[in-house]
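To start, the structure under review is shown below, and the notes come after it.
The structure is reproduced here in structure tokens:
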């Protein structure tokens, strides 16, 4: 074994700990500055590693943030499911509010949800994408079960559409709601642009309430669905 | 006037033509390769200009693509409005289908809709963002009028939410539906990932039908809305 092979051949536990430290550093930097500002060099500096050493654990900055997106699903899904199970009068509005509240209080996760298909999945290995997709698929199962308990009128295809709508809108609205400081000042100063100021949680609640209402409406509304 | 000032001081018409040529080149390249692949150098090469000359017309590649996003709104809004006015039996499903069909047939516009708040608005001047926002605001007016004619039960706040939902979902779903070639092969080869293959138009039609149904439902459903 050469010295450099020895250095790489850490125990699985040591490797796991190092990966966790890198992910923690990326999470902290992302929360401070927003994902788009954080480079591999920043993450290496925060963990006290050389960039070349960091590259033994993750191939690209996108792989690091894709792992954080998967971790975000694994943390959000049980939190949402628990919130759904606490609802005393389940209906479109209360279920919509559970989605909107749990997403709006996770700003960095909303940022990652929008970045993943645009920027993160494009610069990683096929294996990294497979692992990411399987992790988010598994995380959805808990939400399906909680939705089925609370809204039995919503079938699985409808539940899949509700989850897809909630995460796509949370990602897009979060980006619109958090412009850079100069643009935020522009929105405040020009009354013609007041419409551009967007509050994520109330808008998401309003839209998801309507969407879930439409999906669970009495059969009278069903003929309006596309064939 | 120095020679270099003379070179820049083209007639307004010549300047407009040069800008149009740059935008056309960027549009063609974006349609061929996807927005994310196109650099300023590519655009300069396609127009037969030096990159330094191109920078007299646009500050950044993001400014060019933000202009194309505004142009996309100006082309899509009247097309959608005309399609809405042709509907013989207006209802949630037919209106949803008009949104989904006109967006799904404009792939590059969907790409731009997702890129704008994430990547394009972040690397341009405040003036460029103001101009972009005012252009998309004006383009919405035509859609408001057509929606009001066809679905009088949908108020202006509801119409604003429907448009925001349609463009946010079209942008996000288009990104998910057009992965790189390696990831597309992964989705085809691994049956556990079959759910990741997404068809933009049917899913958008289904979700918008439910959303518009919920927003225009009889007052019985109104108590479900958040207070």
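Protein chains in written order, with UniProt numbering: chain A, 1 to 227; chain D, 1 to 227. Glycine included, C-beta positions come from ideal geometry on N, C-alpha and C. Because the structure is a prediction, the values reported are computed rather than measured.
For residue i, is the classification buried or exposed, using 16 other Cβ atoms within 10 angstroms of its Cβ as the cut-off for buried?
i: residue 192 of chain A; result: exposed
i: residue 189 of chain A; result: exposed
i: residue 216 of chain D; result: buried
i: residue 32 of chain A; result: exposed
i: residue 161 of chain A; result: buried
i: residue 67 of chain D; result: buried
i: residue 133 of chain A; result: buried
i: residue 125 of chain D; result: exposed
i: residue 222 of chain A; result: Here the model assigns residue 222 of chain A a pLDDT of 45, short of 50, so the residue's position is not dependable and the matter cannot be decided.
i: residue 127 of chain A; result: exposed
i: residue 199 of chain D; result: exposed
i: residue 12 of chain D; result: exposed
i: residue 185 of chain D; result: exposed
Leaving aside the five residues before and after residue i along the sequence, list all residues of the same chain whose C-beta is less than 6 angstroms from its C-beta, in chain order.
i: residue 225 of chain D; result: With a pLDDT of 45 at residue 225 of chain D, under the threshold of 50, the predicted position of this residue should be treated as unreliable, though the coordinate-derived value follows. Correct list: empty, nothing qualifies.
i: residue 79 of chain D; result: 102
i: residue 220 of chain D; result: In this predicted model, residue 220 of chain D has a pLDDT of only 47, less than 50, meaning its place in the structure is not dependable enough to derive any value.
i: residue 99 of chain D; result: 166 and 208
i: residue 48 of chain D; result: none
For the alpha helix (DSSP H) that contains residue i, what are its first and last residues?
i: residue 33 of chain A; result: 12 to 33
i: residue 157 of chain D; result: 156 to 177
i: residue 71 of chain A; result: 61 to 86
i: residue 54 of chain A; result: 51 to 54
i: residue 36 of chain D; result: Counting along the chain, residue 36 of chain D falls outside any alpha helix (DSSP H), and DSSP gives it neither H nor E.
i: residue 124 of chain D; result: Premise fails: residue 124 of chain D is in no alpha helix (DSSP H) and is neither H nor E.
i: residue 253 of chain D; result: Absent from the structure is residue 253 of chain D, since the part of chain D shown begins at 1 and ends at 227.
i: residue 92 of chain A; result: 92 to 104
i: residue 210 of chain A; result: 200 to 216
i: residue 184 of chain A; result: 181 to 189
Who are the neighbours of residue i on chain B, taking C-beta pairs under 7 angstroms?
i: residue 165 of chain A; result: In summary, chain B is missing from the structure at hand, where the protein chains are A and D.
If you draw a straight line from the alpha carbon of residue i to that of residue j, how long is it in whole angstroms?
i: residue 44 of chain A; j: residue 87 of chain A; result: 43 angstroms
i: residue 158 of chain A; j: residue 151 of chain A; result: 11 angstroms
i: residue 146 of chain D; j: residue 207 of chain A; result: 21 angstroms
i: residue 38 of chain D; j: residue 178 of chain A; result: 26 angstroms
i: residue 71 of chain D; j: residue 61 of chain D; result: 15 angstroms
i: residue 137 of chain A; j: residue 73 of chain A; result: 9 angstroms
i: residue 174 of chain D; j: residue 180 of chain A; result: 25 angstroms
i: residue 113 of chain A; j: residue 94 of chain D; result: 30 angstroms
i: residue 34 of chain D; j: residue 26 of chain D; result: 10 angstroms
i: residue 170 of chain D; j: residue 122 of chain A; result: 19 angstroms
Near residue i, what residues of its chain come up, given a Cβ to Cβ distance below 8 angstroms and the 5 sequence neighbours on each side ignored?
i: residue 196 of chain D; result: 176 and 187
i: residue 143 of chain D; result: 77, 80, 81, 84, 159 and 163
i: residue 154 of chain D; result: 147, 148, 162, 212, 215 and 216
Once you ignore the five residues that flank residue i on each side, which residues in its own chain have a CB closer than 7 angstroms to its CB?
i: residue 76 of chain D; result: 102, 106 and 109
i: residue 57 of chain A; result: 18, 19 and 22
i: residue 40 of chain A; result: 51, 54 and 61
i: residue 29 of chain D; result: 38, 42, 43 and 46
i: residue 97 of chain A; result: 205
i: residue 92 of chain A; result: 209, 212, 213 and 216
Between the stretch 94 to 122 of chain D and chain A, which residues of the former have a C-beta closer than 8 angstroms to a C-beta of the latter? 96, 97, 114, 115, 117, 118, 119, 121 and 122
Short-range partners of chain D found in the stretch 181 to 206 of chain A, where Cβ spacing is below 9 angstroms: Taking 9 angstroms as the Cβ-Cβ cut-off against chain D, the residues of the stretch 181 to 206 of chain A that qualify are 182, 183, 185, 186, 187, 190, 192, 193, 195, 196, 198, 202, 203, 205 and 206.
Which of the residues in the stretch 66 to 94 of chain A, read from start to end, lie with their CB under 9 angstroms from any CB of chain D? 91, 92, 93 and 94
Output, in sequence order along the chain, the residues in the stretch 132 to 157 of chain A whose CB is closer than 7 angstroms to any CB in chain D. 133, 134 and 137
Using Cβ-Cβ distances below 9 angstroms, what residues of the stretch 27 to 46 of chain D are close to chain A? 36
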